[in-house]
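Quick notes on the structure that follows.
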Amino acid sequence: MTYKLNFDQDERFDFDGNFPSLAVLAKYKPAMVKRVRKSWEDERNFLREHLSPLVLSEDLKHAQNPDHISWEMLRVAGRHGRLSQYIPGFMGGLGNSLGLSMMVNLEEQAALDCAFCGMMGGHGLGLAAVFMTFNMRILQRVADQIAAHQNDEKPYVIDCAITEPTAGTDVEEVELYPKARLMCQAKRVSGGAVLNGRKVFISTGHMATDHVVIMPFDQRDAVNTMGCFLVSNGTPGFSLGRMERKMGQKAGSASELIFEDCLVPEESILLAQDQFPEEKFQEQFRMLLHGVLGITRTAVGAWSTGTARGAFDRALYLAKRIKHKGRTLIHQQWAQALLTNMHINVMMARGAYLESQFALMRGFEKIPLVTGFPPWISDSSILAWLFRQNWYRKFLHSRWMHRQILDYARSSISEDQDARVQFMSSLAKVVGSDMAMENCQLATEFLGQAGLRHDQGVEKIFRDAKLLQIFEGTNQLNRLNIFTHYLARHLSGVEVF
Amino acid sequence: MGSADQASLAAFRETAQRFAQKELKTRAIDFDRYPYAEFNAGAVQAAREVGLLQVLLPEARGGTGQGIEVFSEILFFLAQADASIAAILLINALAQSALLKWGKPSLQEKYLSAKLLAFPVYDSPANLPRGVEAEKKGGGYVLKGKLEYLALAPVAEAAVIPAVLKGTEKVAFFLVDLTTPGISLSAPILSLGLRGAPVADLEIGGSEVSADYLLCPDAGSEYPGFTMRFRPAAAALAVGVAAGSYETAKAYAQERYQAGKIIIEHELIRLLLSNVAVIAESGRALFGAMARAVDEGREELLAETGLILSTELASRAVSDGVQVLGGYGYIEDYGQEKRMRDAKQIESFFGPAPVKRLELLEGILRREK
Chain A
105 MTYKLNFDQD ERFDFDGNFP SLAVLAKYKP AMVKRVRKSW EDERNFLREH LSPLVLSEDL
165 KHAQNPDHIS WEMLRVAGRH GRLSQYIPGF MGGLGNSLGL SMMVNLEEQA ALDCAFCGMM
225 GGHGLGLAAV FMTFNMRILQ RVADQIAAHQ NDEKPYVIDC AITEPTAGTD VEEVELYPKA
285 RLMCQAKRVS GGAVLNGRKV FISTGHMATD HVVIMPFDQR DAVNTMGCFL VSNGTPGFSL
345 GRMERKMGQK AGSASELIFE DCLVPEESIL LAQDQFPEEK FQEQFRMLLH GVLGITRTAV
405 GAWSTGTARG AFDRALYLAK RIKHKGRTLI HQQWAQALLT NMHINVMMAR GAYLESQFAL
465 MRGFEKIPLV TGFPPWISDS SILAWLFRQN WYRKFLHSRW MHRQILDYAR SSISEDQDAR
525 VQFMSSLAKV VGSDMAMENC QLATEFLGQA GLRHDQGVEK IFRDAKLLQI FEGTNQLNRL
585 NIFTHYLARH LSGVEVF
Chain B
3 MGSADQASLA AFRETAQRFA QKELKTRAID FDRYPYAEFN AGAVQAAREV GLLQVLLPEA
63 RGGTGQGIEV FSEILFFLAQ ADASIAAILL INALAQSALL KWGKPSLQEK YLSAKLLAFP
123 VYDSPANLPR GVEAEKKGGG YVLKGKLEYL ALAPVAEAAV IPAVLKGTEK VAFFLVDLTT
183 PGISLSAPIL SLGLRGAPVA DLEIGGSEVS ADYLLCPDAG SEYPGFTMRF RPAAAALAVG
243 VAAGSYETAK AYAQERYQAG KIIIEHELIR LLLSNVAVIA ESGRALFGAM ARAVDEGREE
303 LLAETGLILS TELASRAVSD GVQVLGGYGY IEDYGQEKRM RDAKQIESFF GPAPVKRLEL
363 LEGILRREK
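Printed below as a string of structure tokens:
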């Protein structure tokens, strides 16, 4: 008996029943919700038809050979435009997964394969970082590269390098930077910057062609001297180190990135504090990190919800087939209650990420690159034409324009809204990942042998899920973050870190 | 069997610690790649040479005739270094003891010295699988059917397997030599944990065995009680994994700096560590008490409840043992992720965790009647 990854939940999974808040929203924003729903249906078809055959076989290949890289899976994503699903249509992307769609689609992806989300997540994190630098020139360059190479043997993806060997939690929180033991540092030289140091656990590192690298010009004053760079494979002084051997999440590599006097030319600097020396841009890095974390922690919430659902789906599938004392599990009270608990966990996690996404849409409502464009903009052929014109690109990509966009973005987000996004996204991440792990624990306990053997697909989710509680800030850090941005804001004299 | 004397307990403890240090510690992670790396036959051979594989056997059968208290103590120390080898000792001992209890002397003679014996340790005792059928034929039986997830099958010479006696509702235990014509094994199964204690599906297509190979004609009713003796040992295995996780996490927390201080100074880290410490420390006393109770032939309730408590707590706690190390816990280097997988696997010994709870109450109510 082998679990076929066949979306057993189809018979019961309907959009309106599982997303009542979106059904309400559809009354006020019909075009938007219609688009979300269409994108969700497309995503499910893509996953079912093209990804499901690879889920267990790719994981097995990693067990057989720890140095295996899942190019096959990346190729499937590339061939079906999934590598540009966060790039708006007018910039040449698929653009089907921005804003609310991103979250709803992530849940679907994770319900099938938590590790596929991990592979796509490294790329997505890189794109989120590029978005939040508002460097339209490099964003366009990345978008063009994705489009040009999505049918290649090794499609073009990026990653985002933040974590250092001695600084994990510390670089996930602006308040902790002054205490961090950083080892990476950039140095200004004529024509660009020179990078030195090592980054570790970088998702998708061994698959990426370009790497978004975040490091300060002065370690002692990291927050105020931060730089964000795009480093390409083959750049002298840049090399890939070891590929970690992880418990799960094997589809995406976790890589060490090594910088030894690595020269990044000026045109590959996404954002450097000294490009915008004015007082008002002092807080730019905080905004970048908060924006990235607001998006990615909500995304991890959705990804975790899908993981919790994946465990539940498989448990339900097997409960219809495994017998205990001569009766199928599904007919026994204890099994019904256990499955119900798992379903409750899924619904709670979904509620948390949707609320977080709504907080994000409210907080970043003037920044559609984050919250999604209305259909008439994202699908506009006139805009697409405009974005291909050299004269327009020259204008949009100028330093002057970069300054205007940064200024606009900064002033469009209030402190209150920012705090709300921070604690809501941490909440979605904590609730989601705890529920994902809990459901994996429950499924494994429930099923006994069937939960332990690779060919049933349950033990894989168990291994995949644990990372969700660790990365994007451990759940311990995220709890403190919720306290900081929600409770401590209204309590005078309470210090958190 | 009375409880162990302090001197032999101490001697075996020292042997186990030395064995874990010498044979297991350094290469546990490499051997965990099984079936895509070689089986750790060297450690099994070494365990045999120092007598760890025969602890429970009587002296007449080449063992030292120890009780479960000594055996549990050994498994506890081995599991801190590599739970797979400890699990092999336990699974093999279950089969050995079944053979001792129910087997004819000639059969014991032949198979107690076998390389290893396979045993269906993941099946729930009160609900033994009915996939194999035994039909009486001449002086023996013809066995036919399938048994899923038989522990140690890929590396064993013979196996204890449950089979339904045709014409009755009863499930019996048979010993089958795995070289018997008609028996085939699946490829070794990749499992969540205890990867070094291999598992495979068994298919048996009409193999004839002599009546001597029928070990216990009514395993369905005798086997649940038989397992009580081994529950302390399974608990010791889980607690040993938790203890390994605890020591590793505590040591790491005293080295790693984050947020301006050594992380053990963070209260949240201490709370995580305390989750692991609670079962690692109290679990030692618990499995000791469980073991003494079964060695002295006292009631089974402690063995049954103690196994539920220690395996469930251990399997949740080792997740926190990973969490303390953050990303470094999720990669293989510190052995923490292996412990998380191993503890979860151990939790399903003698059946799924909720089923063990249901069987507990069933047993209690039956005894009260």
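If you read the sequences in order, they're chains A and B.
Numbers 105 to 601, taken from the working numbering, label the letters of the first sequence in order.
Numbers 3 to 371, taken from the working numbering, label the letters of the second sequence in order.
For every residue, glycine included, the Cβ atom is placed at its ideal position computed from N, Cα and C.
> If we count the other Cβ atoms within 10 Å of its Cβ and call it buried at 16 or more, is glutamine 8/B buried or exposed?
Replying inline: The residue labelled residue 8/B in the question sits at position 6 within the second sequence. Its Cβ having fewer than 16 others within 10 Å, glutamine 8/B is exposed.
>> Assuming glycine 207/B is part of the beta strand (DSSP E), what are its boundary residues?
In response: Locating residue 207/B in the second sequence gives position 205, counting from the first residue. 201-212 is the span of the beta strand (DSSP E), which, as asked, contains glycine 207/B.
> Roughly how many angstroms lie between the CA atoms of methionine 230/B and glycine 577/A, to the nearest whole one?
Replying inline: Translated into positions along the second sequence, residue 230/B becomes position 228. Translated into positions along the first sequence, residue 577/A becomes position 473. Their backbone Cα atoms lie some 44 Å apart in a straight line.
> What separation, rounded to the nearest whole angstrom, lies between the Cα atoms of glutamate 599/A and leucine 591/A?
Replying inline: Within the first sequence, numbered from 1, the residue matching residue 599/A stands at position 495. Within the first sequence, numbered from 1, the residue matching residue 591/A stands at position 487. Each residue's Cα considered, the two are about 11 Å apart.
> Near valine 234/A, which residues of its chain fall below 7 Å by C-beta distance, leaving aside the five closest residues on each side in sequence?
Replying inline: Along the first sequence, read from residue 1 onward, the residue named residue 234/A stands at position 130. Correct list, in chain order: Ile242, Leu243, Val246, Val316 and Leu374.
> Of all Cβ atoms in chain A, is any one closer than 9 Å to the Cβ of asparagine 277/B?
Replying inline: On the second sequence, residue 277/B is found 275 positions in, with the first residue counted as 1. Not closer than 9 Å to any Cβ of chain A, the Cβ of asparagine 277/B fails to qualify, so no.
> alanine 251/B CB to nearest chain A CB: under 9 Å?
Replying inline: If you number the second sequence from 1, residue 251/B lands on position 249. Not one chain A Cβ lies under 9 Å of alanine 251/B.
> Contact check, serine 321/B vs tyrosine 124/B under 8 Å by CB: the rounded distance?
Replying inline: As a position in the second sequence, residue 321/B is number 319, starting the count at 1. As a position in the second sequence, residue 124/B is number 122, starting the count at 1. The pair is not a contact, with the Cβ atoms about 21 Å apart (cut-off 8 Å).
> Are there 16 or more other CB atoms within 10 angstroms of the CB of threonine 170/B, so buried, or fewer, so exposed?
Replying inline: Residue mapping note: residue 170/B aligns to position 168 of the second sequence, counting from 1. Exposed, because fewer than 16 other Cβ atoms sit within 10 Å of the Cβ of threonine 170/B.
>> Quick check on proline 60/B: does DSSP put it in helix, strand or coil?
In response: Sequence index remark: in the second sequence, residue 60/B carries index 58 (1-based). Three-state DSSP puts proline 60/B in coil, outside helix and strand.
> Is there contact between the stretch 317-334 of chain A and the stretch 386-394 of chain A, where contact requires at least three CB pairs shorter than 8 Å?
Replying inline: yes
> Given that glycine 575/A touches chain B, what residues does it touch there, using C-beta distances under 8 Å?
Replying inline: Within the first sequence, residue 575/A is the residue found at index 471, counting from 1. It is phenylalanine, not glycine, that sits at residue 575/A in the sequence shown. Per Cβ cutoff of 8 Å: Gly329.
> Of the choices Leu202/A, Asn494/A and Glu382/A, whose alpha-carbon is the least far from that of serine 143/A?
Replying inline: Walking along the first sequence from the start, residue 143/A turns up at place 39. Of the listed residues, the one whose Cα sits closest to serine 143/A is Leu202/A.
> Using DSSP with H/G/I as helix, E/B as strand and the rest coil, what is asparagine 300/A?
Replying inline: Within the first sequence, residue 300/A is the residue found at index 196, counting from 1. In the structure shown, asparagine 300/A sits in a strand (DSSP, three-state: E or B).
>> So within the stretch 183-226 of chain A, which uninterrupted alpha helix (DSSP H) runs reach at least 4 residues, ignoring any that extend past its ends?
In response: Within the stretch 183-226 of chain A, the complete alpha helix (DSSP H) runs of at least 4 residues are 204-216.
> Is glutamate 75/B closer than 9 Å to leucine 26/B when the C-beta atoms are compared?
Replying inline: The residue you call residue 26/B lines up with position 24 of the second sequence. The residue you call residue 75/B lines up with position 73 of the second sequence. At the C-beta level, leucine 26/B and glutamate 75/B stay beyond 9 Å of one another.
> Is the Cβ of aspartate 220/B closer than 9 Å to any Cβ of chain A?
Replying inline: Translated into the one-based positions of the second sequence, residue 220/B becomes position 218. Closer than 9 Å: no.
>> If you reduce the DSSP assignment to three classes, tell me which class arginine 346/A lands in.
In response: Mapped onto the first sequence, residue 346/A falls at position 242. Strand, per DSSP.
> What does leucine 556/A touch in chain B if you count any residue whose Cβ is under 7 Å from its own?
Replying inline: Along the first sequence, one-based indexing puts residue 556/A at 452. The contacting residues are Ser193, Leu194, Gln347 and Ser350.
> At a Cβ cut of 7 Å, what residues of the stretch 431-450 of chain A count as close to chain B, listed as they run along the chain?
Replying inline: If the cut-off is 7 Å between Cβ atoms, the stretch 431-450 of chain A has Trp438 and Leu442 near chain B.
> Would DSSP call phenylalanine 363/A helix, strand or coil?
Replying inline: Translated into the one-based positions of the first sequence, residue 363/A becomes position 259. Looking at phenylalanine 363/A - three-state DSSP - the assignment turns out to be strand.
>> Whole angstroms are fine: how far does the CA of alanine 532/A sit from the CA of threonine 588/A?
In response: Here residue 588/A corresponds to residue number 484 of the first sequence, with the count starting at 1. Here residue 532/A corresponds to residue number 428 of the first sequence, with the count starting at 1. Roughly 16 Å separates the two Cα atoms.
> Taking 9 Å as the CB-CB limit, is glutamate 339/B close to chain A?
Replying inline: Within the second sequence, numbered from 1, the residue matching residue 339/B stands at position 337. For glutamate 339/B, the answer is yes, since a Cβ of chain A falls inside 9 Å of its Cβ.
> Over what stretch of residues does the alpha helix (DSSP H) that includes isoleucine 250/A continue unbroken?
Replying inline: By 1-based counting over the first sequence, the position of residue 250/A is 146. From DSSP, the alpha helix (DSSP H) with isoleucine 250/A extends over 240-253.
> Which residues, in order along the stretch 349-365 of chain A, keep a beta-carbon less than 9 Å from a beta-carbon of chain B?
Replying inline: Hits within the stretch, in order: Arg349, Lys350, Met351, Gly352, Gln353 and Ala358.
>> Which residues in chain A have a C-beta closer than 8 Å to the C-beta of tyrosine 38/B? List them in chain order.
In response: Within the second sequence, numbered from 1, the residue matching residue 38/B stands at position 36. Per Cβ cutoff of 8 Å: Ala167, Gln168 and Asn169.
> By DSSP, does isoleucine 271/B sit in helix, in strand, or in coil?
Replying inline: Position 269 of the second sequence, counted from the first residue, corresponds to residue 271/B. Isoleucine 271/B falls in the helix class under three-state DSSP.
>> In whole angstroms, give me the CA-to-CA distance for alanine 49/B and leucine 80/B.
In response: Taking the first residue of the second sequence as 1, we reach residue 49/B at position 47. Taking the first residue of the second sequence as 1, we reach residue 80/B at position 78. Taking the straight line from one Cα to the other gives about 11 Å.
> Where does arginine 197/B fall in DSSP's three states?
Replying inline: As a position in the second sequence, residue 197/B is number 195, starting the count at 1. Looking at arginine 197/B - three-state DSSP - the assignment turns out to be coil, as it is neither helix nor strand.
> Is the Cβ-Cβ distance between serine 408/A and glycine 561/A less than 9 Å?
Replying inline: Against the first sequence, residue 408/A aligns to sequence position 304. Against the first sequence, residue 561/A aligns to sequence position 457. Not in contact: serine 408/A and glycine 561/A (Cβ atoms no closer than 9 Å).
> Distance, Cα to Cα, phenylalanine 111/A vs isoleucine 471/A?
Replying inline: Along the first sequence, one-based indexing puts residue 111/A at 7. Along the first sequence, one-based indexing puts residue 471/A at 367. Any answer about phenylalanine 111/A is weak, because its pLDDT of 47 lies below 50 and its placement is not dependable; what the coordinates show is given next. Rounded to whole angstroms, phenylalanine 111/A to isoleucine 471/A spans 35 Å at the Cα level.
>> What are the residues in the stretch 124-144 of chain B lying within 9 Å of chain A by C-beta distance?
In response: So the close ones are Tyr124, Asp125, Ser126, Ala128, Asn129 and Arg132.
> Any idea if glycine 337/B is buried or exposed, counting beta-carbon neighbours within 10 angstroms, 16 or more meaning buried?
Replying inline: If you number the second sequence from 1, residue 337/B lands on position 335. Counting the other CB atoms within 10 Å of its CB gives glycine 337/B a total of 16 or more, which places it among the buried residues.
> Which one of Arg272/B, Ala158/B and Asn129/B has the shortest CA to CA distance from alanine 221/B?
Replying inline: Along the second sequence, one-based indexing puts residue 221/B at 219. The option with the nearest alpha carbon to alanine 221/B is Asn129/B.
> Just curious, the beta strand (DSSP E) that isoleucine 426/A is in, first and last residue?
Replying inline: Position 322 of the first sequence, counting from 1, holds the residue named residue 426/A. No beta strand (DSSP E) holds isoleucine 426/A; DSSP gives it neither H nor E.
>> Whole angstroms are fine: how far does the CA of arginine 425/A sit from the CA of proline 190/B?
In response: The residue labelled residue 190/B in the question sits at position 188 within the second sequence. The residue labelled residue 425/A in the question sits at position 321 within the first sequence. Answer to the nearest angstrom: the Cα atoms are 23 Å apart.
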